[in-house]
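Undergrad: Mind looking over this structure? Questions follow.
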Amino acid sequence: MSQNDHSHGSPAAASGGHDDHDIRAHIRGYMIVFAALIIGTFMTVWVSYIHFESVAVTVAIALLIASVKGFLVAAYFMHLISEKKMIYSIMAATVFFFIGLMGLTVWSMNAGSIIHIK
Amino acid sequence: MDIPFTVEPRKDTGLFNAKVGIWLFLASEVMLFGALFSTYILLRVGAAPGDWPHGLLNIPLGMLNTIVLIVSSITVVMAWASLKMNNFARFRKFQAVTLMCSIAFLCIKSYEYHDKFTHYEVQLNDGKVLDGHMTESDAEKFEIHGHYVDKAEAAKVTHAWQEREVKEDHYTVKRSDVKYMESYGPWHNTYTAIYFTLTGLHALHVIGGALVIFMLWGPLAGMWKTDPERYTNRIEISGLFWHFVDLVWIFLFPVLYLL
Chain A
780 MSQNDHSHGS PAAASGGHDD HDIRAHIRGY MIVFAALIIG TFMTVWVSYI
830 HFESVAVTVA IALLIASVKG FLVAAYFMHL ISEKKMIYSI MAATVFFFIG
880 LMGLTVWSMN AGSIIHIK
Chain B
16 MDIPFTVEPR KDTGLFNAKV GIWLFLASEV MLFGALFSTY ILLRVGAAPG
66 DWPHGLLNIP LGMLNTIVLI VSSITVVMAW ASLKMNNFAR FRKFQAVTLM
116 CSIAFLCIKS YEYHDKFTHY EVQLNDGKVL DGHMTESDAE KFEIHGHYVD
166 KAEAAKVTHA WQEREVKEDH YTVKRSDVKY MESYGPWHNT YTAIYFTLTG
216 LHALHVIGGA LVIFMLWGPL AGMWKTDPER YTNRIEISGL FWHFVDLVWI
266 FLFPVLYLL
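Protein chains in written order, with this note's numbering: chain A, 780 to 897; chain B, 16 to 274.
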């Protein structure tokens, strides 16, 4: 930190309860997540060049890697791993409706279901 | 009258109000993109064999854009951490990189869109179909860099890697030999329709997020001197939105480019 940087605001005010040591520990975590996301991106592309015969296997692997990357962003960059109950409540409702939406989508593809579109 | 709970947490939620607000907004965004992903699934599953294109997009460019957004995500979170450590100069540098990443992302996306608007499916009078990029054009004829489409063979393509193995060449076509031709714009087929809808909506989010980050980085940065905690909270909120934009792209990339 340069001396000029201390000229704005008060460190205690801006830190909001975090001390520098906590933040530096977080930064180490962010760097690990960053590296994992880059590796995950290369893995996603590499896997797409593997000649799997099954479309289901290709889709499942690509979505699995994307889900792991998505989890890392949400959990660490968006701090969902250490949030308050209120945020978890909002996310629980979102996950419930999202799963419902995807469930209805898959259900509608079943020719025998009452919501199947011909 | 001051707006309450901009810095101090409410007793019932344990959070400052803007944080609850952004998460409620992001919940609505999950459902918005979820509905479009649902549309994608239905269109793809419902497409007849050969009608759903594979390997149509440029994978290295898509991967580059993914890396650009991941870099911007780390710079956003590092900018927030810099403010937490009271290092405003470092915050400015990190957010400057974020803004450059957003511009780079949009430039690459624009190039990809241009690529689709110069990519044509040409139906000839003799029944043959030519598919490729228009490289030259005049009043009499035009040149296509691509390949002739065999509908029976195209119906067997189920993976992007199969399409990548198709050999391409240069073909000169007289305009009088053309029965019908159309570019790969949103109107071309259900794939390009959902591709442009999903990526266009995502690009609008990138533009919106970048504008907010720019305003906080430049014109509104004075708040750091007068109310640093509130300013830091604003950066956190804009960062949460930016990470969501990154998160959506993490799913869009494999779904649209690789599968």
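Where a beta carbon is used, it is the ideal one built from N, C-alpha and C, also for glycine. All figures in this text were calculated on a predicted structure; none of them were measured in a lab.
Going along the segment 246-265 of chain B in order, which residues come within less than 7 Å of chain A, judged by CB to CB distance?
TA: Of all residues in the segment 246-265 of chain B, T247, L255, H258, D261, L262, I265 have a Cβ within less than 7 Å of some Cβ in chain A.
Undergrad: Please compile the residues from chain A whose C-beta is within a distance smaller than 8 Å of the C-beta of B/P269.
TA: Looking up residue 269 of chain B in the second sequence gives position 254. Those within 8 Å of B/P269 in chain A are T823, S827, A841, L842, I844, A845.
Undergrad: Check whether the Cβ of B/D261 sits closer than 7 Å to any heavy atom of the ligand ADP, and report yes or no.
TA: The model depicted lacks the ligand ADP and carries no ligand whatsoever.
Undergrad: Let me make sure I understand the geometry here. Which of A/F876, A/I818, A/M888 has the alpha-carbon closest to that of B/E44?
TA: As a position in the second sequence, residue 44 of chain B is number 29, starting the count at 1. Here the closest residue by C-alpha is A/F876.
Undergrad: Which chain D residues are close to A/H805, counting only those with a beta carbon under 9 Å from its beta carbon?
TA: Checking the listed chains, one finds no chain D in this structure; the protein chains it contains are A and B.
Undergrad: According to DSSP, is A/I829 helix, strand or coil?
TA: For this step, residue 829 of chain A is matched to residue 50 along the first sequence. A/I829 falls in the coil class under three-state DSSP.
Undergrad: Just mark B/N140 as buried or exposed, buried being the case when its beta carbon has 16 or more other beta carbons within 10 Å.
TA: As a working note, residue 140 of chain B is residue 125 in the second sequence. Exposed: under 16 other Cβ atoms inside 10 Å.
Undergrad: Out of B/K34, B/L226, B/F266, B/D146, state which residue places its alpha-carbon closest to the alpha-carbon of B/V193.
TA: Translated into positions along the second sequence, residue 193 of chain B becomes position 178. Selected option, being the one with the closest Cα: B/D146.
Undergrad: Considering only the alpha carbon of each residue, which of B/K240, B/S117, B/L235, B/R190 lies closest to B/N101?
TA: The count along the second sequence starts at 1 and reaches residue 101 of chain B at position 86. Per the Cα distances, B/K240.
Undergrad: What is the DSSP secondary structure of B/K189, reduced to helix, strand or coil?
TA: Reading the second sequence from its first residue, position 174 is the one you call residue 189 of chain B. Residue state, collapsed to three classes: strand.
Undergrad: Determine the burial state of B/M46: buried for a count of at least 16 other Cβ atoms within 10 Å of its Cβ, exposed for fewer.
TA: Taking the second sequence and counting its residues from 1, the one referred to as residue 46 of chain B is at position 31. With fewer than 16 Cβ atoms within 10 Å of its Cβ, B/M46 is classed as exposed.
Undergrad: Please state the DSSP three-state secondary structure of B/I18.
TA: As a working note, residue 18 of chain B is residue 3 in the second sequence. Three-state result, B/I18: coil.
Undergrad: Does A/A835 come within less than 8 Å of chain B when only Cβ atoms are used?
TA: Sequence index remark: in the first sequence, residue 835 of chain A carries index 56 (1-based). For A/A835, the answer is no, since every Cβ of chain B falls outside 8 Å of its Cβ.
Undergrad: Suppose you measure from the CA of B/H203 to the CA of B/E197; what does that come to, to the nearest Å?
TA: On the second sequence, residue 203 of chain B is found 188 positions in, with the first residue counted as 1. On the second sequence, residue 197 of chain B is found 182 positions in, with the first residue counted as 1. B/H203 and B/E197: Cα-Cα distance of roughly 7 Å.
Undergrad: Which residue or residues does DSSP assign as beta-bridge partners of B/M149?
TA: To locate residue 149 of chain B, count along the second sequence from 1; it is residue 134. According to DSSP, B/M149 bridges with B/I159.
Undergrad: Over the uninterrupted alpha helix (DSSP H) stretch that includes B/H217, give me the two end residues.
TA: If you number the second sequence from 1, residue 217 of chain B lands on position 202. That run of the alpha helix (DSSP H) goes 205-232.
Undergrad: Can you tell me where the beta strand (DSSP E) with A/H867 in it begins and where it stops?
TA: What you label residue 867 of chain A is simply residue 88 of the first sequence in a count that begins at 1. Checking the sequence, you will find Tyr at residue 867 of chain A rather than His. Looking at the DSSP string, A/Y867 is not in any beta strand (DSSP E); the run it does join, the alpha helix (DSSP H), is 864-888.
Undergrad: At a CB-CB cut-off below 7 Å, which residues of chain A make contact with B/W38?
TA: One-based indexing of the second sequence puts residue 38 of chain B at position 23. Going along chain A in sequence order, the residues near B/W38 (Cβ under 7 Å) are I866, I869.
Undergrad: For A/Y809, which residues from the same chain have a beta carbon less than 8 Å from its beta carbon, with the 5 sequence-adjacent residues on both sides left out?
TA: Locating residue 809 of chain A in the first sequence gives position 30, where the first residue counts as 1. Within the same chain, A/Y809 has close Cβ partners Y855, F856.
Undergrad: Mind reading off the beta-carbon distance from B/F157 to B/V188? Whole number of angstroms is fine, and I expect it under 8 Å.
TA: The residue labelled residue 157 of chain B in the question sits at position 142 within the second sequence. The residue labelled residue 188 of chain B in the question sits at position 173 within the second sequence. Between B/V188 and B/F157 the Cβ distance is about 6 Å, and since that is below 8 Å, they are a contact.
Undergrad: Using C-beta distances below 8 Å, list every residue in its chain close to B/H162, excluding the 5 sequence neighbours before and after it, in chain order.
TA: By 1-based counting over the second sequence, the position of residue 162 of chain B is 147. So the list reads L145, D146, G147, V181, K182, E183, D184, once near-sequence residues are dropped.
Undergrad: Run through chain A and tell me which residues come within less than 7 Å of B/S53, C-beta to C-beta.
TA: Along the second sequence, read from residue 1 onward, the residue named residue 53 of chain B stands at position 38. The answer, in chain order, is L880, M881, T884.
Undergrad: Check whether the segment 860-879 of chain A and the segment 25-45 of chain B are in contact - that is, three or more C-beta pairs closer than 8 Å.
TA: With a cut-off of 8 Å, the segment 25-45 of chain B and the segment 860-879 of chain A count as touching, because enough Cβ pairs lie within range.
Undergrad: Count the other CB atoms within 10 Å of the CB of B/F31; is the residue buried (16 or more) or exposed (fewer)?
TA: Position 16 of the second sequence, counting from 1, holds the residue named residue 31 of chain B. B/F31 comes out buried.
Undergrad: Considering Cα atoms alone, identify which of B/S117, B/H134, B/P201, B/W67 is closest to B/S152.
TA: Taking the second sequence and counting its residues from 1, the one referred to as residue 152 of chain B is at position 137. Here the closest residue by C-alpha is B/H134.
Undergrad: List the residues that DSSP assigns as beta-bridge partners of B/Y195.
TA: The sequence position of residue 195 of chain B within the second sequence is 180, counting from 1. DSSP output for B/Y195 lists B/Q138 as bridge partner(s).
Undergrad: Could you give the first and the last residue of the continuous alpha helix (DSSP H) run that contains B/D130?
TA: Within the second sequence, numbered from 1, the residue matching residue 130 of chain B stands at position 115. Looking at the DSSP string, the run of the alpha helix (DSSP H) that includes B/D130 is 103-132.
Undergrad: Starting from B/V14, follow its DSSP beta bridges and name the residues at the other end.
TA: Residue 14 of chain B cannot be examined here, being either before or after the span of chain B that is shown, 16 to 274.
Undergrad: Examine the Cβ distances between the segment 262-274 of chain B and the segment 835-854 of chain A and report whether three or more of them are shorter than 8 Å.
TA: In short, these stretches touch, since the Cβ pair count reaches three.
Undergrad: Find the nearest neighbour of B/I209 within the set B/W67, B/M16, B/I252, B/E23, judged by alpha-carbon distance.
TA: Start at 1 with the first residue of the second sequence, and residue 209 of chain B comes out as number 194. Nearest of B/W67, B/M16, B/I252, B/E23 to B/I209, Cα basis: B/W67.
Undergrad: Strictly below 8 Å CB to CB, what residues from chain A border B/G223?
TA: Position 208 of the second sequence, counted from the first residue, corresponds to residue 223 of chain B. By Cβ distance, chain A contributes nothing, its closest Cβ being about 17 Å from B/G223, past 8 Å.
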